[in-house]
Amino acid sequence: MSSQQDDLKETDTEARFEFKKEEKSAFKSEKGLTEETVRVISEDKDEPEWMLERRLRALEQFQEMPMPTDWPGQPDLSEVDIDEIVPYIRPDIETRGGADSWEDLPEEIQDTFDKLGIPEAEKNALSGVGAQYESEIVYQNMQERWEEKGVIFCDMDKAVQEHEEIVREHFMTKCVPPSDNKFAALHGAIWSGGSFVYVPENTTVEMPVQAYFRMNSEGMGQFEHTLIIAEEGSEVHYIEGCSAPKYSAFNLHSGGVEVFVGEDAHVQYSTVQNWSKNTYNLNTKRAIAEKGGRMEWISGSMGSKATMLYPSTILKGRGASDNHITIAFAGEGQDIDTGAKVYHNAPNTKSTVESKSIAKDGGRTNYRGLVHIADGAENSSTAVECDALMFDNESTSDTMPYMEINESKVDVAHEATVGKIGDEDIFYLQSRGLDDDDAKQMIVSGFIEPITEELPIEYAVELNRLVELEMEGSLG
Amino acid sequence: MSTKQLESLSEETVRRIADERDEPEWLLETRLNALSALETAELPDVIQTPGRRWTDLEALDFEALVDPLNQADETERTAGDDEVVVLPFTEALAEYGDVIEANFGSVLDPEHNYLTALSVALFTTGTFVYVPEGVDVEDVTVRAEMNSRSLFSQTLVVAEESSSVTILESIETGDAEVDDDRYFSNLVEVVAGENANVQFGSLQNLDADAYTYSLKRGVTDTYATIDWIESNFGSKLTRSDIETDLNGDGSESQIVGTFFGTDDQHFDINARVWHQAEQTTADLVTRGVLDDVARSVYEGVQDVGEDAWNTSSYQRENTLMLSDDAEADASPKLIIHNHDTEASHSATVGQVDAEDLFYLESRSIDSRTARNMLVEGFFVPVLEEIAVDEFRDDVEELVFERLQ
């Protein structure tokens with residue numbers, strides 16, 4: 001493990017994420033969002049009529065809904081002007097629907113993913129990989145042994161064509177309807193790319209499947225959709241990674257994730273997102289867990305100018321459970337507004353939320369969470385724990401949890417702490433010969449350890465490395 | 001909210017109230033300004049999450065509730081010491097006009113929201129408490145009975161340097177016959193001078209036809225302490241806000257809250273502290289019990305400003321649910337702008353512990369009594385924070401009554 005860790009450490013993370021490629025596209029939509037754009041995207045993808053209708057309905061809903069502005073302390077979205085966004089870029093490759101070999105990709109795209117270390121990870125530890133460049137999946141592969149068991153892992157556009165009935169039933173219907181919020185509606189109108197994961201009954205996919213999303217062009221929006229369906233008794237771990245280089249114009253990422261956790265199924269969804277610091281990251285992620293189903297969300301929110309992301313789980317069946325583990329890091333000019341939402345709608349449901357945040361150099365972190373326990377969800381229990389660490393006085397850290405309890409036979413606990421980095425701890429480490437920066441880094445690593453230890457090793461290393469990068473040069 | 005232009009409200013109404021009480025010109029001006037602020041003022045903020053407003057103040061029919069010229073109360077004010085001034089404004093203005101003018105509205109802006117403006121424009125009762133420098137007095141009591149459809153009360157406490165005072169106020173429904181719904185509004189502002197120590201306890205036990213709005217706000221100077229005890233038992237709907245502005249270095253505030261809801265009572269309880277100076281400390285403790293179809297909405301805010309170095313701020317909120325149909329909502333908020341802070345909050349909602357219950361029952365205590373003992377026990381941690389025996393006894397007695 002340690003040699004693997006060292007290998008990854010040696011890669012210059014900055015070089016991994018911040019490089020840009022000259023923009024090359026086969027098809028690029030006009031800026032802004034009109035019915036015409038929606039029709040063009042749908043036509044370019046050769047979609048069935050029902051999907052176009054869903055897109056158009058979502059567009060209507062988007063136009064009707066106001067921008068979210070009235071939440072206490074929410075990030076400023078005034079810069080987000082959809083008329084300045086290019087919603088759809090089809091990259092210039094011949095293989096539509098994803099090449100199944102990295103060598104089939106154009107050199108600059110290959111190079112991009114090489115730098116991100118994705119092919120290497122695929123060889124070592126993954127059951128399958130999907131890689132999205134701009135608006136479309138460019139690479140997609142699934143190990144044969146899983147395919148034989150009926151596991152499907154393909155890009156969403158392909159799923160619409162090849163698994164139409166399943167998609168039609170589940171796509172933005174009961175889990176994340178476009179009416180959920182303005183950006184879910186936006187997503188419903190112009191979504192493109194993303195992953196489709198289907199795991200049949202009683203099938204355990206032992207190695208994680210991974211999708212990586214890369215935005216390369218200036219001023220674009222990325223709107224990938226992820227649909228995960230885990231049938232009764234199945235088990236799957238899905239990992240998502242994201243990055244984009246920094247341009248002067250803002251980028252918009254507005255993804256949609258829908259997870260269906262069948263009876264006694266277990267889905268883990270892990271993501272470390274590291275969007276560039278001018279990306280607005282406004283996502284809607286939700287899971288529905290049936291009887292005995294277990295959902296786990298593990299997320300690291302590192303990059304972006306502003307993030308509004310509150311992964312939510314509806315515990316629909318008796319005995320369903322949900323765990324959230326989140327870490328947010330806000331540096332200069334960043335506003336990371338994230339949290340977890342859990343709806344306990346059935347008896348004997350359980351949830352835990354563990355949230356850690358770090359704010360420095362004028363960054364702002366906010367934990368905004370909701371725990372709802374419906375009438376009749378007896379013997380449910382939930383424990384929410386939020387810890388915030390602050391480095392300096394320009395930074396801000398808020399905690400705004402909401403608890404709605406409509407049932408008496410419950411056990412609800414929420415705890416939050418905010419503290420500065422301990423002078424005594426630093427002094428202690430310094431007295432053992434560490435310099436100030438190293439001491440602080442060590443304390444931060446310890447602070448986030450409960451999160452990183454839940455992540456697969458590559459991601460844990462990446463997260464630690466990103467945190468180190470964020471801390472470099474501005475300490476002391 | 002667009003202002004509901006109330007028929008019973010006019011400049012003339014306000015002038016008449018001021019006239020009858022022979023008030024100075026500045027106070028009339030303040031009232032009239034508050035009256036005109038009603039045109040643009042909003043109702044108090046309530047917790048909102050998308051698609052949900054947790055307390056529906058919009059539904060209050062002020063036209064029916066407000067009867068400004070027929071306010072009546074029976075209020076008994078006592079102080080165990082001559083050195084402290086405890087008077088209704090009507091009597092205090094002649095002698096302490098300057099002190100009142102200098103402080104009235106300095107802590108609590110009359111135009112803060114629609115309900116505060118309404119209250120300042122129309123208040124007829126309330127108390128002025130003046131504690132001169134160095135005076136130490138423990139037993140100021142203000143016991144009020146409400147005897148009219150609507151009653152607006154305004155209290156100002158001025159505690160000068162190094163003084164100390166304990167004030168207990170209570171409000172109940174009087175014997176006067178008033179049909180239908182009633183509205184009680186209670187504004188309290190506390191100015192705590194350097195090194196002053198103010199403890200302000202409040203007990204609201206109006207009957208089930210009353211709607212209550214209460215906003216109590218204090219400002220501390222250097223090393224001053226303001227401790228609030230806020231107990232709510234009565235009313236159909238209670239909106240209660242307790243706020244301390246920790247403005248002076250080394251100042252402190254404790255907010256202790258209790259509530260007990262039965263039937264279809266609704267409590268919207270808010271505790272807020274702003275740390276604005278160095279080395280300030282706050283401790284917020286609230287415990288509530290809900291039975292039947294009662295509902296509580298709790299928000300606690302600990303706001304640490306950029307200049308509030310070396311802050312300590314703690315908050316605990318616990319709700320005990322005795323019924324399946326009761327509802328509890330809680331939102332404890334931390335807003336931290338200074339990193340040299342130690343802040344934490346916690347909130348729990350649960351029911352009477354089954355093991356405790358079993359233990360008591362196994363000692364041959366019947367289940368009803370056992371439950372009641374546990375509920376009384378639940379309040380003990382907050383009762384312990386109440387340093388005044390008389391007040392603690394009152395709260396205990398009300399808890400006991402509720403359990404019968």
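These protein sequences, in sequence, are chains A and B.
Last residue of the first sequence: number 476 in my numbering, and the count goes up by one each step with no gaps.
Last residue of the second sequence: number 404 in my numbering, and the count goes up by one each step with no gaps.
A virtual CB, placed ideally from N, CA and C, is assigned to each residue, including glycine.
Tell me the residue span of the alpha helix (DSSP H) that contains residue i.
i: R39/A; result: E35 to D44
i: H187/A; result: K182 to I190
i: R16/B; result: E11 to E20
i: Q161/A; result: M156 to E162
i: S106/B; result: S106/B -> no alpha helix (DSSP H), and no H or E assigned at all.
i: L65/B; result: F62 to L65
Is residue i helix, strand or coil by DSSP?
i: V99/B; result: helix
i: R294/A; result: strand
i: S78/A; result: coil
i: E390/B; result: helix
i: I443/A; result: helix
i: I451/A; result: helix
i: Y359/B; result: helix
i: S119/B; result: helix
i: I47/B; result: coil
i: Y343/A; result: strand
i: T95/A; result: Its pLDDT being 49, under 50, T95/A is placed unreliably by the model, and the measurement read from it follows with that caveat. Looking at T95/A - three-state DSSP - the assignment turns out to be coil, as it is neither helix nor strand.
i: H339/B; result: coil
i: L466/A; result: helix
i: T406/B; result: Residue 406/B falls outside the range modelled here, since chain B spans only 1 to 404, and no answer is possible.
i: T40/B; result: coil
In this structure, what does DSSP give as the bridge partners for residue i?
i: R54/A; result: Its beta-bridge partners do not exist; DSSP assigns none.
i: T204/A; result: E235/A
i: P401/A; result: G369/A
i: M220/A; result: V86/A
i: I137/A; result: Q132/A
i: A330/B; result: M403/A and Y298/B
i: L151/B; result: F184/B
i: K149/A; result: K149/A pairs with nothing; no bridge assigned.
i: L146/B; result: Looking at the sequence shown, residue 146/B is not Leu but Met. The partner list for M146/B (beta bridge, DSSP) reads D73/B and T173/B.
i: Q199/B; result: T166/B and D227/B
i: Y428/A; result: Paired residue(s): none; Y428/A is not in a bridge.
i: K236/B; result: None; K236/B has no bridge partner.
i: A347/B; result: H414/A and E317/B
i: N242/B; result: The identity of residue 242/B in the sequence shown is Ile, whereas the question assumes Asn. Per DSSP, K216/B and A271/B.
i: Y130/B; result: V85/B and V158/B
i: K420/A; result: M390/A
i: Y211/B; result: Y183/B and L237/B
i: G288/B; result: F259/B and T319/B
What first and last residue would you give for the beta strand (DSSP E) that runs through residue i?
i: P311/A; result: Where P311/A is concerned, there is no enclosing beta strand (DSSP E), given that its DSSP letter is neither H nor E.
i: M390/A; result: S380 to M390
i: T352/B; result: Before going on, a small fix: residue 352/B reads as Val here, not Thr. From DSSP, V352/B is part of no beta strand (DSSP E); its letter is neither H nor E.
i: G32/A; result: From DSSP, G32/A is part of no beta strand (DSSP E); its letter is neither H nor E.
i: F184/B; result: R182 to A192
i: V369/B; result: Sequence check: residue 369/B is Thr here, not Val. That residue, T369/B, is in no beta strand (DSSP E); its alpha helix (DSSP H) goes S367 to L383.
i: N270/B; result: H266 to H275
i: L320/B; result: T311 to M321
i: S351/A; result: K350 to A359
i: S195/A; result: S195 to V199
i: F259/B; result: E252 to G261
i: V209/A; result: V209 to R214
State yes or no: is the C-beta of residue i nearer than 7 Å to some heavy atom of the ligand NAP?
i: Q265/B; result: As presented, the structure is devoid of all ligands, the ligand NAP included, so that no description of it is given.
**OP:** Assess, as a yes-or-no matter, whether the region 182-199 of chain A is touched by the region 145-161 of chain A under the definition of 3 or more beta carbon pairs within less than 8 Å.
**Re:** The region 145-161 of chain A, when compared against the region 182-199 of chain A, does touch it at the 8 Å Cβ threshold.
**OP:** Would you check if there are 3 or more beta carbon pairs closer than 8 Å linking the region 348-364 of chain A to the region 317-332 of chain A?
**Re:** Taking 8 Å as the limit for Cβ pairs, the verdict is that the region 317-332 of chain A does touch the region 348-364 of chain A.
Original post:
In the region 257-341 of chain A, which residue ranges form an unbroken beta strand (DSSP E) of at least 3 residues, counting only runs that do not cross its ends?
Top reply: Listed in chain order, they are 266-274, 279-282, 284-289, 294-301, 306-309, 312-315, 321-330 and 335-338.
Original post:
Counting Cβ pairs closer than 8 Å, one from the region 156-176 of chain A and one from the region 246-266 of chain A, do we hit at least three?
Top reply: Yes, the region 156-176 of chain A touches the region 246-266 of chain A.
Subject >> Segment contact flag, the region 296-316 of chain B with the region 373-386 of chain A, C-beta cutoff 8 Å, min 3 pairs >> reply: Not touching, per the Cβ criterion.
Original post:
Does the region 210-217 of chain B come close enough to the region 182-193 of chain B to have 3 or more Cβ pairs within less than 8 Å?
Top reply: Between the region 210-217 of chain B and the region 182-193 of chain B, the count of C-beta pairs closer than 8 Å reaches three or more; the two stretches touch.
Original post:
Can you find at least 3 beta carbon pairs, one from the region 134-144 of chain B and one from the region 168-175 of chain B, that sit closer than 8 Å?
Top reply: Contact check between the region 134-144 of chain B and the region 168-175 of chain B: three or more CB pairs, one atom from each, fall below 8 Å, which counts as touching.
Original post:
With contact counted as at least three CB pairs below 8 Å, one residue from each stretch, are the region 202-209 of chain A and the region 156-171 of chain A in contact?
Top reply: No, they do not touch.
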